[in-house]
Structures are given as structure tokens and as C-alpha cells.
Amino acid sequence: MKKSIATVIVLFIVQVVSLAQDADSTRTTYSRTADSRKVYFTNGGNGGILSFASVKQNGDNVRSIPRYTLFFNIGTNAHYDASEHFGTFVGLNLTNIGMITRQGSVKLKQRVYTLGVPVGIKVGNLNGFYVYAGAEAALPINYKEKLFIDNKKQDKFNEWFSDRSSKFMPALFLGFQTKENFTIKFQYYVTDFLNADFETNGVKPYDGIESKIFFVTLGYSITRK
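Residues -22 to -1, 1 to 203 (mature numbering (1 follows the signal peptide of the UniProt record, and there is no 0)) are what the sequence shown spells out, left to right.
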């Protein structure tokens, strides 16, 4: 467990350093004055995602393992800045989220790709450091599951628009962006990851399971005027 946590933390730090070094080559600066107010776009979205899960089965805690993923987390945002210190944005993101659980010799990896629409506000120096917060409405579009027993893969499948995950996954987020155009964001999904009502062959495999996901991500922002 300690080795797994150390590995994902090291990978996350490496990406932070890498994107920080690359920021100067992708950075676009401009003045957001009252005379230049307009809608503009940024490309990027989430970068590497380090996610954590709180999982319970019939009230008992289930061991979860931090999950780190780089691909594919992309998106675009449309911004409108009312002043140099306050703005709003709306976007579209493709995000890879999921969880890893272990019970005895059984390890289960479950993930979904979601299409999300974030809506938020920005406060601070919009030409430098600022904080942002908002909510995202996310629709899971592809579910994937891998089963391991004694660390040997036993089964793998994926389903488009699966009933295994929640059909709608709203989330709250809080983050900040630096002058160098990289961001750190914290995001929490307010509904369960798994659909407890899902049924197959008369069995509800996720019945009694509570599954909440929280992640932290390093993002990047390339501005298009």
C-alpha cells in the first residue's frame, strides 16, 4: 500500500514540474481591461488525476487504493471577464475517473469516461494568480472493469452508457491558476460512483455499496484570444 501511494505521488510531482517548465513556451498574456472584454477560450482541461475513493459495503469500510491516470483528460472553456478581478466560465471536459478496491485477494479496478460541463467563477488577479470554484454536470459514457485475484487478471470488460455507474454525476470543484498558466484543482462527486440499483441475472452486485470519489489534478491552460 505504502509503495503504491509513493509511486502515484512521485508521478504526480513529476508532472507538476514538467508542466511548470513548459508553461513559458505556451503562455499567452494579455490585458483584461474594460476595453477588451470579450469571450475567449482556453484549451487544456484536467492533467494527471490522483483520485481517492471512500467506499463502504453495508456500512463497513472497504479498502481503497489511490488511483493515478494521465489519459485521457482534455477539455476547453469559454471565459468572460467582467473586470481584471472577476470572471465566469463554462466548458466541456472529457475525464477519466474511477476507483481501485481490494478485499483480501480480490482487487477490482473500475473507471468511467465522463463528458462534463463545468460552470464557475474566477476571483483574483486574472492576469496572474486567481482562485476559481464551481460545479460540473457529468455524464458517464464508458464504463470499464478489471478483476484481479492474487494479482492475476481474471476478467475485463467495458460498456458504453452502462447502467453499472450512476447515470448522472454532479461534482463541486475548487482550484487556483498561476501566472504561468497551470492550475491545481480539487473535485468532489456528490453522488455514488456505482449504481446500487444495477441488476444483472437477478443479482444486484453493487447493492449496499456507497462509493464517493474525490480527486486532485494538475491542469494546464493555453489561451486562444
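Just so you know, even glycine gets a beta-carbon here, dropped at the ideal spot from N, CA and C.
Residue from the options whose Cα sits closest to the Cα of residue i
i           : options                : result
F154        : R80, V194, N51, A31    : V194
residue 232 : N120, K85, V68, D128   : Absent from the model: residue 232. The displayed extent of the chain is -22 to 203, so no value can be given.
L93         : I162, N24, A116        : A116
N21         : A56, S42, V101         : A56
D59         : Q165, R142, Y110, L196 : Y110
S144        : V168, L150, T161, K131 : V168
A113        : N51, G65, F151, Y184   : F151
E123        : E158, I78, S83, Q165   : I78
D141        : F19, Y166, P183, I200  : P183
V84         : F164, A31, V40         : V40
D38         : D128, Q81, I162        : Q81
G26         : H63, S42, Y46, F19     : Y46
S61         : E137, Y121, K157, N103 : N103
L28         : N74, T54, I52          : N74
F30         : P148, Y166, N129       : Y166
G106        : V95, N179, T156, S42   : T156
S42         : G197, S189, F135       : S189
P148        : D128, F171, E177, Y108 : F171
Cβ separation of residue i and residue j, assumed to be a contact under 8 Å, to the nearest whole Å
i    : j    : result
Q35  : I191 : So it is not a contact: roughly 16 Å between Cβ atoms.
G76  : V97  : About 24 Å; that fails the 8 Å criterion.
K100 : G65  : 4 Å
T72  : F50  : It is worth fixing the name first, because residue 72 is Leu in this sequence and not Thr. Their Cβ separation, rounded to whole angstroms, is 6 Å, which keeps L72 and F50 in contact under 8 Å.
S199 : N159 : 5 Å
Helix, strand or coil at residue i [DSSP, three-state]
i           : result
H63         : coil
A56         : strand
K145        : coil
I(-14)      : Reliability fails at I(-14), whose pLDDT of 47 lies under 50, so the model's placement of it is uncertain and the value that follows must be treated cautiously. If DSSP states are grouped into helix, strand and coil, I(-14) belongs with the helices.
L70         : strand
N120        : strand
T156        : coil
F30         : strand
D38         : strand
L150        : strand
residue 204 : What the structure shows of the chain is the stretch from -22 to 203, and residue 204 is not part of that stretch, so it cannot be assessed.
K163        : strand
G106        : coil
L196        : strand
V168        : coil
F19         : strand
F126        : strand
T201        : strand
N51         : coil
K182        : coil
Unbroken beta strand (DSSP E) run spanning residue i, endpoints
i    : result
I174 : The residue you asked about is not Ile; residue 174 is Ala in the sequence shown. It is not in any beta strand (DSSP E) - A174 carries neither H nor E in the DSSP assignment.
F135 : 130 to 138
L86  : 84 to 102
Y46  : 45 to 47
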